[in-house]
Amino acid sequence: MSAEKEMLDLLEYEDKEELFQDIPELIRTDLDIPEGLSEREVMVEVKNKLEKNKDLNELTSFLGGGIYNHYIPAAVGEIIGKSEFYTSYTPYQAEISQGLLQSLFEYQSLIAELTGLGAVNTSMYDYPTALAEAVLMSARISRKGRKFLIPENIHWEKDPVLKNYLRGKDIDIEKVKFDEVGRIDKEDLKSKLGEEVFGFYVETPNVFGVIEEDVDTFKDLKEDNDCVLVAGTDPVLLSLMTLPSNWGADIVVGESQPLGIPPSYGGPTVGIFASDEKYIRKMPGRIIGETEDSNGKRAYCMTLQTREQHIRRERATSNICTNQSLMALASAVYTHIKGGLGLEDLARKNYKKAHNLAERIDQIEGFEAPYFDSEFYKEFTVKTPEGSKEIFERCAEKDVLPGIPLDEKEKFNSLPDILLTAVTEMNTDEDIDLLLETLEEVVG
Amino acid sequence: MNSDYRQARYEEDLLVERADSRKVEDNPLPSSIAREEAPKIPDLPKHEVVRYFNRLSQMNYGIDTGFYPLGSCTMKYNPKFTEKIASHSKATDLHPYQPEDMAQGTLEIMYELQELLAELGGMNAVSLQPAAGAHGEITGLMIAHQYHKDNDDERKEVILPDTAHGTNPASVSMLGYDLVEIPSEDGCVDIEALEEAAGDDTAAFMITNPNTLGLFEKDACQIAEIIHEAGGLLYYDGANLNAIMGKTDPGAMNFDIMHFNLHKTFSTPHGGGGPGSGPVGVTKEFASYLPVPIVEKDGGRYHLNYDLENSIGRVKGIYGNWLVLLKAYTYIKEKGKDGLEEAAERAVLNSNYLRKKLEPHLDLPYRELRKHEFVLSGKKMKDKGLKTTDLAKRLLDYGFHAPTIYFPQLVDEALMIEPTETETKETLDGFAEAVASIMEEDEEVIGEAPHNTAVGRVDETKAIRDSVLSYKMRKEE
């Protein structure tokens, strides 16, 4: 007797269809999709489709805009490919999930080391949603006023995400101008702060790749106005840049994709979320805590779960349940494979490469790089002599992607035509020569 | 029956503990923003790092380790060919802002997935942008919000049954809606209570069907009528779609908006909590409200359309969790029409079989026939002076992951069990035997469980009290 028959017998059913007798006939449907394929057939078919893509190995790409092409040591894929990790669920049963819990605690610890903020969650979906959650958390921290300030030069995808998350909430977003060198216009920021404002957001590097140099001002402004300071930054750069906690950041958000996650057409990545220790009960998302087991041995578990939707329901700090844990694990493995010195070295290398490239682009007639005369890290603005979109398209015909044409995305109050150009260790000297040649050619 | 499972036990200090203090040297940044003290990240030989994480992986339990009947989570086998295809460089090494002409393969797959999901949900249009189920829920509510707003109809309430997943009420309040929770009758929506609750202020009603007790809401059509009559929209939480594929769909039940959990129904791995993917489907009337961009086909070319008339805008950066989408697509192609229907049938058969096997040992509230999952009450444990938690912990000793516990909240000492279609009868029998065996054990053995895992019972109260959330927060003893 087949196993299925035995199972049906126990239930006293003749046929599997009887298991669905509680679904009314009126709403029965048939599936109109193709029949299944064998594993071999489906592999061939999907691979053939993927072959229509041109991947970054076939292109000379200087694209960034939040997603960067870095080298990922093979060990990272090996570890996150362990099925004990990737086929597990959220670690509700701590005793049998110590491996993942400790790994995620490593991730939290690394982000804490980089940001200076001790309380870190295991991930948000991405940078834009992390920012949106940070604004909502700021409103929980400060009951003062209903206005939150963000820079007007914010990534074209963050702005609409934030707007949607604040839908239905009594929170107004006001935008702060940027100055002639692409930084936050501090005078404008000062004039907009006040009784009504419960927090403000500073990004460094910002969407132009520009780094804020006078960060202590933000701390002073935050303290003078008794509001919440949210900082957005880059985790690799933090190995060289002063801790956001040193200049008053209460919450730090960012994107962990540069730490060991392939560009993947933009997803999955990891939204970084760290907070000052005094606000832990207001944080969104899963958090791993260190504790002991019944024998006094060090152990880990999910903690402060009474903030979360599965316990607190409508009073939860966020609705997030499934997050991006495996990607956070990738970032932890990547960072440890690199090591502290390795991470610093990477930041230094990318910094130098970018400065070198900007200087050389600047020498091409008609180009100006960086357009904003400010300190930057691995990404910078290039003013183009003709439409940046047209230049991009002409370069793309030669399989060179010189940067993101900003006129296509957002002009941020009528900037000239600009390319947002990013450099990483993946761009060789030959790539850089090719880019320069191509730029000269397409405008020539 | 023997509890002979033994999980690996290593005592591994954190890697971050091994770092020495040092200064950052040769810093190219201006002194005003140059970091002085280096972060505590050690520089270890690669082999040490690999060995460390490898050992940690051995102290973790996945579906590939054993049975994982976590209710509501659909922990089915994750095929390996989908993993392989998603690690292809033509899938991973793509930049989101590369020209559409250079990503035609990806766009084609995304387009076809939109179409496949629309058919599976009985919907007309699908957005692949949301990254998770809860993210899909909030996206759906944003669509409802925008729709009512466009009709100058300020509705303030969202109605939920008391069996709803925790993410539902959390999504409702995150969007500033007032929550109206209605009680269940015999485990299903109380129609009278719903009629009373529905009215001019009802923006939407959210429900999963089969519900979290594993019961099919047979009054689905009546529910839809009541809500639509009141001018509200009907939202389908797709967490339990695995049970009904090929039998019925949310469109047939007159839902307006729904989300899919690709990491449940379409077998993409849960990754220890994520990444998932929560595409949102809508009927024709709401297609123009979906987040942008969506993928469209123009002759033989695929492109991203950012121009939808009533679009809510964005809910996430870029286009969605592409690699997860790819795995789900590959899974659906391999299963096909018959394979998916068979998955639903087998999932429901496994669930009912295991229910029947466990009924002699634990209590089953509400009627018998369940769909893909069922909820038992562990109140018998109280006779031993124990709780459902203790039973769950003892199951770990037998090499099984525990079911979801203490949810749904309307069942006392709840155990929510979802075996999925990929388990054999032998595995289900083994689990039932383990439960039977535990019910006969000494209170002490159960109460002090687990014994065979990497660590003993973890002190969650201490974790809250101490709140050590990173190495940085660890206080020196």
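These protein sequence lines map, in sequence, to chains L and V.
In short: position in the first sequence from 1, add 7, done, that's the numbering used here.
In short: position in the second sequence from 1, add 54, done, that's the numbering used here.
Virtual Cβ for every residue (Gly too), placed ideally from N, Cα, C.
Predicted model, so just to flag it, every value in this text is computed and none were measured.
Would you verify that the beta carbon of L/H77 is, or is not, closer than 8 angstroms to some beta carbon of chain V? no
What whole-angstrom Cβ distance do L/S104 and V/N114 have, given they're in contact under 8 angstroms? 6 angstroms
Beta-carbon separation of L/F215 and L/T388 under 8 angstroms? Contact annotation: L/F215 and L/T388 have beta-carbon atoms nearer than 8 angstroms.
Whole-angstrom C-beta distance between L/V340 and V/F107, which should lie under 8 angstroms: 6 angstroms
Taking DSSP's pairing of strands, which residues face V/T458 in a bridge? As computed with DSSP, V/T458 is found in a beta bridge with V/M470.
Three or more beta-carbon pairs under 8 angstroms between the region 390-397 of chain V and the region 160-169 of chain V, yes or no? no
Taking 8 angstroms as the threshold (beta carbon to beta carbon), is L/E444 in contact with chain V? Cβ-Cβ to chain V under 8 angstroms: no for L/E444.
Looking at the C-beta of L/P167, does it have a partner C-beta in chain V at a distance below 8 angstroms? yes
Taking only beta carbons into account, state which residues of the region 266-288 of chain V come closer than 7 angstroms to chain L, listed in chain order. F270, K272, A274, C275
Just the chain L side, please: which residues come within less than 8 angstroms of V/Q61 by C-beta, in chain order? I103
heavy atom of the ligand PLP below 7 angstroms from V/Y59 C-beta: As for the ligand PLP, it is missing from this structure, which has no ligand bound.
Where V/I518 and L/E299 are concerned, what is the direct C-alpha to C-alpha distance, given to the nearest angstrom? 12 angstroms
Under 7 angstroms from the C-beta of V/I117: neighbouring residues of chain L: T94
I'd like the list of long-range same chain contacts for L/I86, defined as Cβ closer than 6 angstroms, with 5 residues on each side in sequence excluded. V340
List the residues of chain L that V/Y122 touches, going by C-beta distances under 9 angstroms, in chain order. T94, S95, Y96
Within 10 angstroms of the Cβ of V/P264, are there 16 or more other Cβ atoms? Answer buried if so, exposed if not. buried
Closer than 8 angstroms at the beta carbon, the chain V residues around L/E91: Neighbours of L/E91 on chain V, chain order: S111, Q112, N114, Y115, G116, D118, T119.
Count Cβ pairs between the region 58-76 of chain V and the region 387-402 of chain L that sit closer than 8 angstroms; are there 3 or more? no
Give the interface partners of V/E173 over in chain L, defined as CB-CB distance under 9 angstroms, in chain order. L38, D39, I40
Chain-ordered neighbours of V/T478 on chain L, where CB pairs are closer than 9 angstroms: For V/T478, the chain L residues whose C-beta falls within less than 9 angstroms of its own C-beta are A10, listed in chain order.
Alpha carbon to alpha carbon, how far is L/F379 from V/Y290? Give it in angstroms, no decimals. 49 angstroms
Return the residue from the list L/A306, L/T324, L/T445 that minimises the CA-CA distance to V/Y64. L/A306
Please list, in chain order, the chain L residues whose beta carbon lies closer than 8 angstroms to that of V/F461. H317
Between the alpha carbons of V/R421 and V/T266, how many angstroms are there, rounded? 14 angstroms
Nearest-angstrom Cα separation, counted from V/E66 out to V/R105: Rounded to the nearest angstrom, the two C-alpha atoms are 11 angstroms apart.
On the criterion of 16 or more Cβ atoms from any shown chain inside 10 Å, does L/Q28 qualify as buried, or is it exposed? exposed
Under 8 angstroms, Cβ to Cβ, is there at least one residue of chain L near V/S238? no
Would you say V/H533 reaches chain L, if we count a Cβ-Cβ gap shorter than 8 angstroms as a contact? Beyond the ends of chain V as shown, which are 55 and 531, falls residue 533 of chain V; an answer cannot be given.
Can you pull the DSSP bridge partners for L/L453? Nothing about residue 453 of chain L can be read from this structure; chain L reaches only from 8 to 451.
Using a Cβ cut-off of 9 angstroms, pull out every chain L residue sitting near V/A168, in sequence order please. The sequence as given places Gln at residue 168 of chain V; Ala does not occur at that position. In chain order: nothing, as chain L lies at least about 13 angstroms away.
Measuring only the C-alpha atoms, how far is L/S45 from V/I139? 14 angstroms
Would V/G326 pass as a contact of L/S95 if the rule is Cβ separation under 8 angstroms? yes
What residue does the beta strand (DSSP E) around L/G278 start on, and which one ends it? That run of the beta strand (DSSP E) goes 278-282.
Taking 8 angstroms as the CB-CB limit, is V/P347 close to chain L? no
Should V/P347 be labelled buried (16 or more other beta-carbon atoms within 10 Å of its own) or exposed? buried
Can you confirm whether L/N213, when its beta carbon is compared against all beta carbons of chain B, has any partner nearer than 8 angstroms? Of the protein chains in this structure, namely L and V, none is chain B.
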